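Q:
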Amino acid sequence: MNEIVRTYQLTKSYGTAEVVSSVNMTLRRGEIYGFLGPNGAGKSTVMKMLLGLVRPTGGEIELFGEKLMPGATEHLKRIGHLIETPVFYEKLTAEQNLELHAEYMGYYKKDAIREALEMVQLIGTQDKPVKQFSLGMKQRLGIARAISTRPELLLLDEPINGLDPEGIQLMRQLFRRLRDDWGIALLISSHLLGEIEQVADTIGVIDGGRLLREVSMESVHASTTEYVEIVTSNVNLAAFVLVDTLEVENIKRIGDNIIRIYDTKLSQEALTKGLIANDVPIQSINRKHPSLEEYFFDMVKGGESHASTY
Amino acid sequence: MLQLIKLELKKGRLTSYLWGALIAYLCIAGAMSVIYFADPANLEDPSFRSQAEMLSMIDLLVRATFIVYASVLLSKLIISEFKDKTIALLFAYPVNRKKLIFAKLAMVFVWTFVNVIVANLLVGGLFIGINSIWGYLSDPLQTEMLLQHGLTVFMQAFGAAGMCLLPLVAGLRNKSVPTTIVSSIVIVMIVCSNNLGFSLSSILAIPLSLSVLGILITYLSFRKIDQMDVA
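Protein chains in written order, with the working numbering: chain A, 5 to 314; chain C, 26 to 256.
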């Protein structure tokens, strides 16, 4: 059993409003799944459904190879989570909060709490009441709590919120370590592409409650190859010369005066020479490397009003 | 279940509950002292004419105190979990939601029941002692009266323990601690107010019915907790 999470047509409606619509997603063991989408896209709701905090109104969830039944709780022993803002019993110390968590989870490994606190670099603060913690510290403590019971699946909702750059770096390393050393499957949500793309193996793009695309980062990188962009007042002539005369194979026409060439056989100089020799008017010619933002922007076009937030 | 109660005590710190109870006992004894020692000046119309009446007054004060105290506990154990959103944490544990809530309710029920009895024993004992030294109530203490009173206290304790759950329903509506506590005060004012020696709670059927109602309404409130979405 390699799949840790599978959802089939997962749907949640409140009255007539559908906040999650027919989501089919798959998360495998030892994989970091980046759940990317703007605020209000439905990321937290999907995570809450996986935790049983919100009941789906349609579809199915399969966790650890078994269909999730209403009211089931046994699978929760295998899940760590940090959903939305980290909440604690504020008057208790960090360590007491983690001890309480371990007891509710039925997990009794003595050194686990210390190890978790070490991993998020909160050793030394364990005897402080949580009410004295900053937001960043609470966020890290929330992650420590989530991993303290060595879960097989970790659900982290916007885990880098409130962290400073050093903390963000620490978290990235931690997520990779949890995946590589512990074999944990991580579902990490964020509205920031920059954050997700640095750690994720697979990215699921969600917007308006719909999972628009589920792609591996490998294929994303393959799709973001270099191209040469030509701006010309005569696109038809340029296209004819490129294909017929210069024998370029992979071109794409964008609008009325732009052509993109993905074929890298010819150098930019050779292209320029060939076009000029065939009287193609050239306004500009540039080599470009598309950013991931552009890639995802293109992907979510249609629900594009949100895409600029990635 | 005991394990869940143990964890609740850990969360709220057991010593704070014990201190709370001790302070409540002292307040009851203090209020009773004022009534008892201020009264001889008004011997024509005393607050109580016999030791049985004195014990009834103590019982009334004790119940009023612990019904309000229970609302504070309910606020701490249940309302604040919803208000502070720690309920999402709690409901994501591999424990049945009904068991989690039942453990909390059982704590409040047993706490109120036990404290009503213990406070009656302690404060009642104290004032029987005080009366035997400085007292103006000269009627003899009869075993039969004490047994009768003991039985009444037992039933009233059950009444208070069930009734004290009623404010929870009001408080849960808008997840409000003040609403919970004010509701309990309203209940106390209606049920425990003493008018010329008479209070609604002196008709045993009333507190007992309210107790059953409290238990029933609480059960109905949490009957579908397993299906509730935690936002």
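We put the CB at the ideal spot given by N, CA and C, even for glycine. Computed from a predicted structure; not experimentally measured.
#1: Would you verify that the beta carbon of C:Asn121 is, or is not, closer than 8 Å to some beta carbon of chain A?
#2: When the distance is taken between beta carbons, is A:Val224 closer than 8 Å to A:Leu216?
#3: How would you label C:Phe62, buried or exposed, when you count the other beta carbons within 10 angstroms and need 16 or more for buried?
#4: Considering Cα atoms alone, identify which of A:Ser271, A:Ile262, A:Val235 is closest to A:Glu251.
#5: Label C:Cys52 either buried or exposed according to how many other C-beta atoms from any shown protein chain fall within 10 Å of its C-beta, with 16 as the threshold for buried.
#6: Closer than 7 Å, Cβ to Cβ, to anything on chain A: give me those residues from the segment 35-53 of chain C, in chain order.
#7: Does DSSP classify A:Thr97 as helix, strand or coil?
#8: In the structure shown, what three-state DSSP assignment does C:Phe223 receive?
#9: So, using beta-carbon positions, are C:Gly149 and C:Tyr94 closer together than 8 Å?
#10: At least one CB of chain A closer than 8 Å to the CB of C:Lys249: is that the case?
#11: Answer yes or no: does any C-beta atom of chain A fall closer than 8 Å to that of C:Val255?
#12: Please compile the residues from chain C whose C-beta is within a distance smaller than 7 Å of the C-beta of A:Gly110.
#13: Name the residue from A:Ala45, A:Asn282, A:Glu298, A:Phe137 whose alpha carbon lies nearest to the alpha carbon of A:Asp248.
#14: Looking at the structure shown, is A:Glu222 part of a helix, part of a strand, or coil, going by DSSP?
#15: Helix, strand or coil: how does DSSP classify A:Thr61 here?
#16: Is C:Asp109 close to chain A, meaning its C-beta is less than 8 Å from at least one C-beta of that chain?
#17: If you draw a straight line from the C-alpha of A:Thr313 to the C-alpha of A:Glu119, how long is it?
#18: Whose C-alpha, out of A:Pro90, A:Lys132, A:Glu122, is nearest the C-alpha of A:Ile164?
#19: Where do the ends of the beta strand (DSSP E) carrying C:Phe107 lie?
#20: A:Ile36 to A:Asp184, Cα distance in whole Å?
#21: Using the beta-carbon of each residue, which ones in chain C are nearer than 7 Å to A:Gly198?
#22: Quick check on this structure: which residue in A:Gly69, A:Leu40, A:Pro133 has the alpha carbon closest to the alpha carbon of A:Ser194?
#23: Among A:Ala148, A:Ile262, A:Val58, A:Ser288, whose alpha-carbon lies nearest the alpha-carbon of C:Val255?
#24: Mind listing the chain A neighbours of C:Gln252? Cutoff is C-beta to C-beta under 9 Å, in chain order.
#25: So, is the C-beta of A:Val252 closer than 8 Å to a C-beta in chain C?
#26: Looking at chain C, is there any beta carbon in it that lies within less than 8 Å of the beta carbon of A:Thr313?
#27: Thinking C-beta only, is C:Phe152 closer than 8 Å to C:Met79?
#28: So if I threshold CB-CB distances at 7 Å, which residues from the segment 67-99 of chain C count as touching chain A?
#29: Determine the DSSP secondary structure at A:Arg32, reduced to helix, strand or coil.
#30: Between C:Leu125 and A:Glu70, what straight-line distance do the alpha-carbon atoms span, to the nearest angstrom?
#31: Is it buried or exposed, C:Val178, if we count other Cβ atoms within 10 angstroms and call 16 or more buried?
#32: C:Lys249: buried (16+ other C-beta within 10 angstroms of its C-beta) or exposed?
#33: Smallest Cα separation from C:Gly302: which of C:Leu193, C:Tyr161, C:Ile206, C:Gly239?
#34: Going by DSSP, what residue range makes up the alpha helix (DSSP H) through A:Val203?
#35: On a CA-only basis, which of A:Val9, A:Pro133, A:Gly62 is nearest A:Lys95? Give me that one, please.
#36: Which residues does DSSP list as the beta-bridge partners of A:His85?
A: Short version:
#1: Position 96 of the second sequence, counted from the first residue, corresponds to residue 121 of chain C. Interface residue, yes.
#2: Along the first sequence, one-based indexing puts residue 216 of chain A at 212. Along the first sequence, one-based indexing puts residue 224 of chain A at 220. Their beta carbons are not under 8 Å apart, which means A:Leu216 does not touch A:Val224 by this criterion.
#3: Indexing the second sequence from 1 puts residue 62 of chain C at position 37. That one is exposed.
#4: Residue 251 of chain A sits at position 247 when you count from the first residue of the first sequence. The shortest C-alpha separation from A:Glu251 is found at A:Ser271.
#5: The residue you call residue 52 of chain C lines up with position 27 of the second sequence. C:Cys52 should be labelled exposed.
#6: Lys35, Lys36
#7: On the first sequence, position 93 is the one that residue 97 of chain A refers to. Strand at A:Thr97.
#8: Working through the second sequence from its first residue, we reach residue 223 of chain C at position 198. Here C:Phe223 sits in strand by DSSP.
#9: Sequence index remark: in the second sequence, residue 149 of chain C carries index 124 (1-based). Sequence index remark: in the second sequence, residue 94 of chain C carries index 69 (1-based). No, they are not a contact pair.
#10: By one-based count along the second sequence, residue 249 of chain C stands at place 224. False, the Cβ-Cβ gap to chain A never drops below 8 Å.
#11: Looking up residue 255 of chain C in the second sequence gives position 230. It does: the Cβ of C:Val255 has a partner Cβ on chain A nearer than 8 Å.
#12: Looking up residue 110 of chain A in the first sequence gives position 106. Within 7 Å Cβ-Cβ: Pro119.
#13: What you label residue 248 of chain A is simply residue 244 of the first sequence in a count that begins at 1. For the residues A:Ala45, A:Asn282, A:Glu298, A:Phe137, the minimum Cα distance to A:Asp248 belongs to A:Asn282.
#14: Start at 1 with the first residue of the first sequence, and residue 222 of chain A comes out as number 218. Three-state DSSP puts A:Glu222 in a helix.
#15: Residue numbering aside, residue 61 of chain A sits at position 57 when the first sequence is read from its first letter. A:Thr61: coil per DSSP, three-state reduction.
#16: By one-based count along the second sequence, residue 109 of chain C stands at place 84. Yes, its Cβ sits closer than 8 Å to a Cβ of chain A.
#17: By 1-based counting over the first sequence, the position of residue 313 of chain A is 309. By 1-based counting over the first sequence, the position of residue 119 of chain A is 115. Its pLDDT being 37, under 50, A:Thr313 is placed unreliably in this model, and the coordinates cannot settle the point.
#18: Along the first sequence, one-based indexing puts residue 164 of chain A at 160. Checking every option, the nearest Cα to that of A:Ile164 belongs to A:Pro90.
#19: The residue you call residue 107 of chain C lines up with position 82 of the second sequence. Per DSSP, C:Phe107 belongs to no beta strand (DSSP E); it is in the alpha helix (DSSP H), 105-108.
#20: Counting from 1 along the first sequence, the entry for residue 36 of chain A is found at position 32. Counting from 1 along the first sequence, the entry for residue 184 of chain A is found at position 180. Distance between the alpha carbons of A:Ile36 and A:Asp184: 10 Å.
#21: Locating residue 198 of chain A in the first sequence gives position 194, where the first residue counts as 1. Near A:Gly198 there are no residues of chain C at all, since even the closest Cβ is about 28 Å away, more than 7 Å.
#22: As a position in the first sequence, residue 194 of chain A is number 190, starting the count at 1. Closest by alpha carbon: A:Leu40.
#23: Mapped onto the second sequence, residue 255 of chain C falls at position 230. Nearest C-alpha to C:Val255: A:Val58.
#24: Indexing the second sequence from 1 puts residue 252 of chain C at position 227. Under the 9 Å cutoff, chain A gives Arg59, Pro74, Gly75.
#25: As a working mapping, residue 252 of chain A is identified with position 248 in the first sequence. So no, A:Val252 is outside the interface.
#26: Translated into the one-based positions of the first sequence, residue 313 of chain A becomes position 309. At A:Thr313 the pLDDT is 37, less than 50, meaning the model places this residue with poor confidence; the figure from the coordinates comes in the next sentence. Not closer than 8 Å to any Cβ of chain C, the Cβ of A:Thr313 fails to qualify, so no.
#27: Here residue 79 of chain C refers to the residue found at position 54 when the second sequence is read from its first residue. Here residue 152 of chain C refers to the residue found at position 127 when the second sequence is read from its first residue. In this structure, C:Phe152 lies closer than 8 Å to C:Met79 by Cβ.
#28: none
#29: Numbered from 1 along the first sequence, position 28 holds the residue referred to as residue 32 of chain A. Strand at A:Arg32.
#30: Within the second sequence, numbered from 1, the residue matching residue 125 of chain C stands at position 100. Within the first sequence, numbered from 1, the residue matching residue 70 of chain A stands at position 66. Their backbone Cα atoms lie some 25 Å apart in a straight line.
#31: By one-based count along the second sequence, residue 178 of chain C stands at place 153. The residue is buried, with at least 16 neighbouring Cβ atoms inside 10 Å.
#32: Taking the second sequence and counting its residues from 1, the one referred to as residue 249 of chain C is at position 224. Looking at its Cβ environment, which holds fewer than 16 other Cβ atoms inside 10 Å, C:Lys249 is exposed.
#33: Nothing can be reported for residue 302 of chain C, as the shown portion of chain C is limited to 26 through 256.
#34: Taking the first residue of the first sequence as 1, we reach residue 203 of chain A at position 199. Its alpha helix (DSSP H) spans residues 197-203.
#35: Position 91 of the first sequence holds residue 95 of chain A. When each option's Cα is compared against that of A:Lys95, the closest is A:Pro133.
#36: As a working note, residue 85 of chain A is residue 81 in the first sequence. In the DSSP output, where bridge partners are listed per residue, A:His85 has A:Leu159.
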